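Participant: Questions regarding the structure given below will be posed in turn.
Number of protein chains: 2
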Amino acid sequence: MTDFERTRAMFDLPKGIVYLDGNSLGPLPRAATDAVARVMRDEWGHELIRAWNTCGWMAQPLALGDRIGRLIGAPPGTVAVGDTLSIKVYQALASALRLRPGRRVILSDSGNFPSDLYMAQGLIGLLGDRELRTPAPEDVAAAINEDVAVVMLTEVDYRTGRRHDMPALTARAHAAGALIIWDLAHSAGAVPVDVAGGNADFAVGCTYKYLNGGPGSPAFIYLGPSVADQARPALAGWLGHDAPFAFDPDYRPAGGVARMRVGTPPILAYAALSAALDVWDEVDMADLRARSIELSERFIAEVEARCPDLELASPRDPHARGSQVSFRFADGYAAMQALIARGVIGDFRAPDIMRFGFTPLYLTEAEVVRGAEVLEEVIRDRLYDRPEHRRVEAVT
Amino acid sequence: MTDFERTRAMFDLPKGIVYLDGNSLGPLPRAATDAVARVMRDEWGHELIRAWNTCGWMAQPLALGDRIGRLIGAPPGTVAVGDTLSIKVYQALASALRLRPGRRVILSDSGNFPSDLYMAQGLIGLLGDRELRTPAPEDVAAAINEDVAVVMLTEVDYRTGRRHDMPALTARAHAAGALIIWDLAHSAGAVPVDVAGGNADFAVGCTYKYLNGGPGSPAFIYLGPSVADQARPALAGWLGHDAPFAFDPDYRPAGGVARMRVGTPPILAYAALSAALDVWDEVDMADLRARSIELSERFIAEVEARCPDLELASPRDPHARGSQVSFRFADGYAAMQALIARGVIGDFRAPDIMRFGFTPLYLTEAEVVRGAEVLEEVIRDRLYDRPEHRRVEAVT
């Protein structure tokens, strides 16, 4: 059994805060600061350029990939870590289009995270003669046909937490001869995922949400056996070359997912991510999922009992959700500011979604109840009407 | 006058090492470790998601860009920091091809850094019907004609240090109706650069070499006024959107270089880079260049007097070089290993180049002489014949 008291003790959490936004930026793992300082002083500082060899820096994109792989059902050697999620989306999309040259449609859905759609638009702008289709999420299955080169979906909707049926949609895409890319931004570390068992062609995700790798920490990409040695990354960087240090003038992709590496790896970010993954080494994903459902069900029950004006925007069936719960409320932006000012941190997504993440690694049931209590106070006393909560700031 | 004793004191340098490889990975700025720890504890740890607003994280890609801009002659607001250099090369190339739709040639040179060529090859593989031409560096000017959409050159050759004539080649490209991309990987922080005065359309560079931002620290991109509001980044990420937090389903590029931002910025890496740039705030580039020439001329004189078997591979005229000096030696790989084992760190580039970087921020004349003395010993006593120096390792 996963010991969640133990994992909670592995984080530095500010006192008095109920943190329901670990689905946006995970908190600081207690060991991360020293881990980064050690890499800076003992590796970068002491070894200088030699550290690329003596400290194993070059092996990290795939070594960290293997550790993430365990959490998403990816075998060793099939996941690479680096760049940002948008870059990894682009690599997957560009590869998929080349593997289905006769087809001109990228199929996504209208609920996908905008950056995924933008990357598709950017690629289409460059290539011309392609089309991005974005039906409503519930209409995706019916929209998969033989025009479609690649289906690109985010498993868990960033606003509502609604979860796509990954195995069913993957099978449907394959039956139509299309490839499929799964964006696991809100899945990795949130729900059990089985990319290999589910026959995903590509999967991508980020590490700064549930995985707690730190602000802007690197992304990951998985290549399934269907594409591992055929995919052309488009972003053909030297680290993805079969022999990066041969300085060959011609690009020749490395075998498997190693080809999806691009430029020089971000070693300081890797040090923080590695410390974050140490926590995950303690975790069984089935335990995590059970605990996530307990916490989110409790929150829904508390909020619905206390705040009748809020409308559940997430699926009521916990198996149809990721690890977040959203409520609609017309004054949701200001209400979220009022909540944050009182130490309960969630976030807001336009036009009216108040979003709360449930992260069993460090969240307790008492905190979940406390969050609902403060939310009740904000709504009941109309604290959101106060002018200081109506000032608009960017949030991520 | 720049005080190089003062800048040297701002680095943590391992005792007993003569570091002539700051052109590959700059050393650790003394303040960087604490700066990163502070961002981790006080910003990420304490502020959590709020730090994107309360700690100014969102402003950093352009704020850091402005600080680099001063070193390369770029006005405020024209440089963005993020991703890796290969990614920035791709954005510049893809933008340039779209701005010259009737032309099918990317012109580079055979001495360019392989990753730049690979990115061009990857882009061409995706687009089809384009051609990458790589004449010898000295033949580039003559190869610029009206087939050429974009000229992509690295100002300072990574092997020999040979410097292209940036203003002349830029003028020539423009006269032929082509755009030009300058890769400043071995220029930024090495030599005075004037991207705006020289009418560069695009410039890109990395920050882990002469700028000392740390292993795999983020890259930068400059857009000249000729392309600032026309360039389409291809990698159309949400951070480059005109209103990233509107979560608009359609991409609309931000004005100017802000559109070249892609994904969520790497905040820990930025903290280290910012500490590294604090050192540069003390530096006048003309002083730096004068000192760089003094150090490299002294090294050449010492090595040529002591090691007649080594052949200078860099231009003899210091104004035709960047801030590195290379020598050819048939047993160069093993000789470099022997040198490193004796505390003098340079690097090797196939087939026979021993490469030495001269970085006035922290390098003294005494160290330069010491480096030449040890090199003399390695060559004279054939220390490179020892088996332990012949084992091949990757180096970057």
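So the sequences go chain by chain: A and B. Every position in the first sequence, counted from 1, becomes a number in the working numbering once 548 is added. Every position in the second sequence, counted from 1, becomes a number in the working numbering once 548 is added. Beta carbons: idealized from backbone N, C-alpha and C, even for Gly. Note that the structure is predicted; figures quoted are calculated from it, not measured.
Tell me whether P866/A is buried or exposed, calling it buried when 16 or more other Cβ atoms sit within 10 Å of its Cβ.
Facilitator: The residue is buried, with at least 16 neighbouring Cβ atoms inside 10 Å.
Participant: Suppose you measure from the CA of N571/B to the CA of F559/B; what does that come to, to the nearest Å?
Facilitator: Distance between the alpha carbons of N571/B and F559/B: 15 Å.
Participant: Chain B beta carbons: is any one of them nearer than 9 Å to that of H594/A?
Facilitator: So, interface residue.
Participant: Could you tell me whether the Cβ atoms of L836/A and P740/A are closer together than 9 Å?
Facilitator: Taking 9 Å as the Cβ cut-off, L836/A and P740/A qualify as a contacting pair.
Participant: Establish whether the CB of H712/B and some CB of chain C are separated by less than 9 Å.
Facilitator: Reference to chain C is not applicable here, since the protein chains of this structure are A and B.
Participant: Give every residue of the same chain whose Cβ lies closer than 7 Å to the Cβ of T555/B, excluding the five residues on either side of it in the sequence, and list them in chain order.
Facilitator: Hits under 7 Å: V827, E830, V831, L909, Y910.
Participant: According to DSSP, is G670/B part of a helix, a strand, or is it coil?
Facilitator: If DSSP states are grouped into helix, strand and coil, G670/B belongs with the helices.
Participant: Just the C-alpha distance for E924/B and D879/B, rounded to the nearest angstrom, thanks.
Facilitator: Whole-angstrom Cα-Cα distance: 14 Å.
Participant: Which chain B residues are close to T581/A, counting only those with a beta carbon under 7 Å from its beta carbon?
Facilitator: Within 7 Å Cβ-Cβ: A585, M588, R589.
Participant: Relative to chain B, which residues along the segment 812 to 841 of chain A have a C-beta separation below 7 Å, given in chain order?
Facilitator: Answer in chain order: T812, P813, P814, I815, L816, A817, A820.
Participant: In chain A, what lies closer than 8 Å to D631/B by C-beta?
Facilitator: Result: D631, T632, I635, G811.
Participant: Beta-carbon of T682/A versus every beta-carbon of chain B: anything under 9 Å?
Facilitator: Taking Cβ atoms only, chain B reaches closer than 9 Å to T682/A, which makes this a yes.
Participant: Candidates C855/B, D933/B, E915/B, A819/B: which alpha carbon is nearest V584/B's?
Facilitator: Ranking C855/B, D933/B, E915/B, A819/B by Cα distance to V584/B puts A819/B first.
Participant: Quick one: what's F750/B bridged to in DSSP?
Facilitator: Partner(s): I729/B, L771/B.
Participant: Considering only C-alpha positions, which residue in the set R890/B, N601/B, Q885/B is nearest to V922/B?
Facilitator: Among R890/B, N601/B, Q885/B, the Cα nearest to that of V922/B is on R890/B.
Participant: Have a look at T944/B and I893/B and give me their C-alpha separation to the nearest angstrom.
Facilitator: Summary for T944/B: the model assigns pLDDT 44, below 50, so the residue's position carries little reliability, and this model does not support an answer.
Participant: For the beta strand (DSSP E) holding E679/A, just list the boundary residues, first then last.
Facilitator: Element bounds for E679/A: 679 to 681.
Participant: Looking at the unbroken alpha helix (DSSP H) that takes in C778/B, where does it start and where does it end?
Facilitator: As written in the sequence, residue 778/B is Gln, which differs from the Cys given in the question. Unbroken run through Q778/B: none, as it is neither H nor E.
Participant: Let me know if K636/A comes out buried or exposed under the rule of 16 or more other beta-carbons within 10 Å of its beta-carbon.
Facilitator: Classification for K636/A: buried.
Participant: Report the rounded CA-to-CA distance for F552/B versus A838/B, giving the unit in angstroms.
Facilitator: Near 12 Å, if we compare the C-alpha coordinates of A838/B and F552/B.
Participant: Taking E591/A as the reference, give the member of L561/B, A748/B, I692/B with the closest Cα.
Facilitator: Selected option, being the one with the closest Cα: L561/B.
Participant: Take D798/A as the anchor and find which of S765/B, D631/B, S663/B has the nearest alpha-carbon.
Facilitator: Residue S663/B is the option with its Cα nearest to D798/A.
Participant: Give me the Cβ distance between L674/A and A782/B, rounded to the nearest whole Å; I'm assuming they're in contact under 8 Å.
Facilitator: About 5 Å separates the two Cβ atoms, so the contact holds.
Participant: Going along the segment 734 to 748 of chain A in order, which residues come within less than 8 Å of chain B, judged by CB to CB distance?
Facilitator: Hits within the stretch: zero.
Participant: Using a Cβ cut-off of 9 Å (strictly closer), state whether L610/A contacts chain B.
Facilitator: Not closer than 9 Å to any Cβ of chain B, the Cβ of L610/A fails to qualify, so no.
Participant: Closest by CA to P856/B, which one among Y756/B, R928/B, V566/B, R807/B?
Facilitator: Residue R928/B is the option with its Cα nearest to P856/B.
Participant: Restricting to Cα atoms, I'd like to know which of S735/B, W730/B, A767/B, D705/B is closest to F750/B.
Facilitator: When each option's Cα is compared against that of F750/B, the closest is W730/B.
Participant: Closest to G745/A by C-alpha separation, out of E842/A, Y770/A, T755/A, P763/A, would be which residue?
Facilitator: For G745/A, the nearest C-alpha among the options comes from Y770/A.
Participant: Would A779/B and A644/B be called neighbours here (beta carbons separated by less than 9 Å)?
Facilitator: Yes; because the gap between Cβ atoms is below 9 Å, this pair is in contact.
Participant: Quick check: is any heavy atom of the ligand GDP less than 8 Å from the C-beta of H594/A?
Facilitator: Only the bare structure without any ligand can be found here, which leaves the ligand GDP out of the picture.
Participant: How many Å lie between D705/B and G650/A at the Cα?
Facilitator: Distance between the alpha carbons of D705/B and G650/A: 41 Å.
Participant: Taking P575/A as the query, report the chain B residues whose CB atoms sit under 9 Å from its CB, ordered along the chain.
Facilitator: Within chain B, the residues near P575/A are W592, G593, L596.
Participant: Please state whether DSSP places H712/A in a helix, a strand or coil.
Facilitator: It is coil, neither helix nor strand.
Participant: For P545/B and G811/A, I'd like the C-alpha separation in whole angstroms.
Facilitator: What is shown of chain B runs 549 to 944, which leaves residue 545/B out entirely.
Participant: Measure the C-alpha to C-alpha separation of L610/A and K563/A and round it to an integer number of angstroms.
Facilitator: In a straight line, the C-alpha of L610/A is about 36 Å away from that of K563/A.
Participant: 9 Å is my cut-off, CB to CB: does A802/A come that close to chain B?
Facilitator: So no, A802/A is outside the interface.
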